[in-house]
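Enquirer: Protein chains in written order, with UniProt numbering: chain B, 1 to 185; chain D, 1 to 185. For each residue, glycine too, the CB sits at the ideal point set by N, CA and C. Would you mind keeping the following structure in view while I ask a few things?
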DNA sequence: ATAAACTTTCAGTAATTTCTGAAACTTCTG
DNA sequence: CAGAAGTTTCAGAAATTACTGAAAGTTTAT
């Protein structure tokens, strides 16, 4: 598992970015290595290539599997397990979005729902609750929408994205197009 | 600056989530406090309410200003500076997205562009470059699209989100609607 | 210009997160 | 079923990140 200079640069960079993307350096590096390598890689090869301990490698691979970014791949006749990306780039990006939503939005939604159940004790609290409610609604819209977009599937999603400023124009024509449905406020 | 139990819960939670949202605990708490408090708050009040050092408070406020989530507010007749949210909830959410995009996507795009300039040294590198190119294109689409969406402004964006599954149907009619333009692959 | 009111900086310390490596565990193989 | 091949766990060490508080810096009022 020799890393070419190009791959090394990319792997290092993904390591640096790792923490911003929700995992740590090592996990970022492992992910990059697995994605950029056409052949399946064993845990030992990962440890060697990145020069990290076998234990750390194991934990990193476990985390990547929990994010559903990497999966095991059994090679017939081989004793050890190999690892490969869990899908194409689009799929991986989707998984990262989804997983982050779970970690970054869902817990907050849940807390907000709870806090909004109690009657406000006074003026100050009433005001705060109003704000919290706004936040809750916003997060809810985002969640619902991101699910919607995922259901569109890669091709349509891509079409939508490439539509660019056309989106604005389409919205203006929306009511003619979809009469009666989805009339908003 | 008494914190009611409700506000305390919310502030603590935003503190915990802080690190997942790209800043640290204290910064998350300060943000929640400022957003949930109708009146402007001074740095000293923030420090007292959250029971953190004055120095840390200063740094946290500075970071929130760099994210453009909080702004100074001068109260006539008062010597010290007060702080208020930099806009409504929608604006703040937008700012968080934008700022995170800058920190999480832009640096990677830039590196990928560089790595794609060099000719591949061999088969292996050619393959890796192909993957990197896919990633680059994906990030580019996301970036372009998020700018597009921001330009729509809150109302239209909201309409679009609430459209739900209507989006799929609209895409099917797209070509009739916007003839000639934006034909996608 | 001096002093009072307030803010920022930053070196050192504390808290948190990540990593190592040895021990425990789990297959497989003959 | 012994032992070889491979994996996981986890306590402690290392690295990173966040926080404090005292000193330096600003601004405003007199």
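(1) Does the Cβ of residue 153(B) have 16 or more other Cβ atoms within 10 Å, making it buried, or fewer, making it exposed?
(2) Determine which residues of the segment 161-176 of chain D have a Cβ less than 8 Å from any Cβ of chain B, and write them out in chain order.
(3) Within this structure, are the beta carbons of residue 96(D) and residue 86(D) separated by less than 9 Å?
(4) Fully enclosed by the UniProt domain "HTH marR-type" (22-79) of chain D, which beta strand (DSSP E) runs are 3 residues long or longer?
(5) With DSSP collapsed to three states, give me the class of residue 183(D).
(6) Residues of the segment 48-72 of chain B in Cβ contact with chain D at a cutoff of 8 Å, in chain order, please.
(7) Pick out whichever of 104(D), 98(D), 105(D) and 46(D) has its Cα sitting closest to the Cα of residue 80(D).
(8) In this structure, what does DSSP give as the bridge partners for residue 83(D)?
(9) Could you check the C-alpha separation between residue 121(D) and residue 133(D) for me, to the nearest Å?
(10) Could you give the residue range of the alpha helix (DSSP H) that holds residue 152(B)?
(11) I believe residue 89(D) touches residue 138(B) by the beta-carbon criterion, under 8 Å. Please report the beta-carbon distance rounded to the nearest angstrom.
(12) Measuring alpha carbon to alpha carbon, tell me which residue in 131(D), 78(D), 149(D) and 37(D) is nearest residue 35(B).
(13) Just checking: is the beta-carbon of residue 23(B) within a distance shorter than 9 Å of some beta-carbon in chain D?
(14) Please check if any C-beta of chain D sits within less than 9 Å of the C-beta of residue 80(B).
(15) Output needed for residue 74(B): all residues of its chain with C-beta closer than 8 Å, excluding positions within five of it in sequence on either side, in chain order.
(16) Compare the C-alpha of residue 100(B) against each of 98(D), 2(D), 22(D) and 5(D) and name the closest.
(17) Are residue 7(B) and residue 124(D) closer than 9 Å when you measure CB to CB?
(18) Can you list, in chain order, the residues of the segment 117-130 of chain B whose Cβ is nearer than 8 Å to any Cβ on chain D?
(19) Just checking my contact of residue 141(B) with residue 148(D) at CB under 8 Å: how many whole Å lie between their CB atoms?
(20) What are the residues of the segment 9-37 of chain D that lie near chain B, defined by any Cβ-Cβ distance shorter than 9 Å?
(21) Along chain D, in chain order, which residues have C-beta atoms closer than 7 Å to that of residue 156(B)?
(22) Tell me the rounded alpha-carbon separation between residue 11(D) and residue 91(B).
(23) Taking the C-alpha atoms as reference points, what is the distance between residue 183(B) and residue 112(D)?
(24) Tell me the residue span of the alpha helix (DSSP H) that contains residue 114(B).
(25) Could you confirm whether any beta carbon from chain D is found closer than 9 Å to the beta carbon of residue 141(B)?
(26) Would you say residue 135(B) reaches chain D, if we count a Cβ-Cβ gap shorter than 9 Å as a contact?
(27) What is the DSSP secondary structure of residue 8(B), reduced to helix, strand or coil?
(28) Could you check whether the Cβ of residue 182(D) sits closer than 9 Å to any Cβ belonging to chain B?
(29) Looking at the C-beta of residue 86(B), does it have a partner C-beta in chain D at a distance below 9 Å?
Expert: The relevant details are as follows:
(1) Residue burial annotation: residue 153(B) is exposed, with fewer than 16 other C-beta atoms found within 10 angstroms of its C-beta.
(2) Correct list: 161, 162, 163, 164, 165, 166, 167, 168, 169, 170, 171, 173 and 174.
(3) Taking 9 Å as the cut-off, the Cβ atoms of residue 96(D) and residue 86(D) do not count as close.
(4) Within the UniProt domain "HTH marR-type" (22-79) of chain D, the complete beta strand (DSSP E) segments of 3 residues or longer fall at 70-74, listed in chain order.
(5) Confidence at residue 183(D) is low in this model, with a pLDDT of 44, below 50, so the placement of that residue is unreliable and no value is reported for it.
(6) Answer in chain order: no residues at all.
(7) Nearest of 104(D), 98(D), 105(D) and 46(D) to residue 80(D), Cα basis: 46(D).
(8) According to DSSP, residue 83(D) bridges with 41(D) and 72(D).
(9) Separation of residue 121(D) and residue 133(D) (C-alpha to C-alpha, rounded to the nearest whole angstrom) is 16 Å.
(10) 123-162 is the extent of the alpha helix (DSSP H) around residue 152(B).
(11) That belief holds up - the Cβ atoms of residue 89(D) and residue 138(B) are roughly 6 Å apart, short of 8 Å.
(12) Just measuring C-alpha positions, the residue of 131(D), 78(D), 149(D) and 37(D) sitting nearest residue 35(B) is 131(D).
(13) With its beta carbon at least 9 Å from every one in chain D, residue 23(B) lies outside the interface.
(14) So, not an interface residue.
(15) Only 81 and 82 meet the Cβ criterion.
(16) Closest by alpha carbon: 22(D).
(17) Closer than 9 Å, so yes.
(18) When CB distances to chain D are screened at a threshold of 8 Å, the residues of the segment 117-130 of chain B falling below it are 118, 120, 121, 122, 124, 125, 127, 128 and 129, in chain order.
(19) About 18 Å separates the Cβ atoms of residue 141(B) and residue 148(D), ruling out a contact at the 8 Å cut-off.
(20) Those would be 9, 10, 13, 14, 16, 17, 20, 21, 22, 35, 36 and 37, in chain order.
(21) Chain order gives the chain D residues near residue 156(B) as 168 and 171, where near means a beta carbon separation below 7 Å.
(22) For residue 11(D) and residue 91(B), the distance between alpha carbons rounds to 35 Å.
(23) The pLDDT assigned to residue 183(B) is 44, lower than 50, so where the model puts this residue is not dependable, and the model offers no usable value.
(24) Residues 106-117.
(25) Yes, residue 141(B) lies at the interface with chain D (some Cβ there is under 9 Å from its Cβ).
(26) Chain D contact via Cβ: present.
(27) Correct three-state label for residue 8(B): helix.
(28) Annotation note: pLDDT 47 at residue 182(D) (below 50); position unreliable, no value reported.
(29) Cβ-Cβ to chain D under 9 Å: no for residue 86(B).
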